[in-house]
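J.: Pasting in a structure now, in structure tokens, and then I'll have a few things to ask.
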Amino acid sequence: MMYASNTWAPATELEMIRSVLSSLQRGFAIKICRAYRTVSLTSAMILAGLLPLDLRIREAEALYKAKRIIDGLSSTRKRARKGHCKH
């Protein structure tokens, strides 16, 4: 579910996508907390200790972007040490 989430994370801003993700996660949350099928999504998520998928996807996207920035900075430093980068 989280595979390549950084590429399709902007789609989670659409209400239709969020509702599809919520309905998918609701089934898992109900099974995890062993609740009746009439329990609300919010209650099932709290009892199961889960975060909404759209938030997890956005979190993964933010971590991916932060890692890319850090990797970019470290490669710039390596080039600067070798004398390739002259400022």
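Residue numbers for the sequence shown follow the UniProt record's numbering, beginning at 1 and rising by one. Just so you know, even glycine gets a beta-carbon here, dropped at the ideal spot from N, CA and C.
Let's test the definition: count the other Cβ atoms within 10 Å of the Cβ of residue 30 and tell me whether it reaches 16, buried, or not, exposed.
T.: buried
J.: Which whole-angstrom value describes the C-beta separation of residue 25 and residue 53, a residue pair presumed to lie in contact below a C-beta threshold of 8 Å?
T.: 5 Å
J.: Taking all protein chains shown into account, do 16 or more other C-beta atoms lie within 10 angstroms of the C-beta of residue 69, making it buried, or fewer, making it exposed?
T.: exposed
J.: Taking 8 Å as the cut-off, decide whether the C-beta atoms of residue 57 and residue 16 are in contact.
T.: no
J.: So, at 7 Å on beta carbons, what are the nonlocal neighbours of residue 44 in its own chain, with the 5 sequence-adjacent residues on each side left out?
T.: 26, 29, 30, 33 and 35
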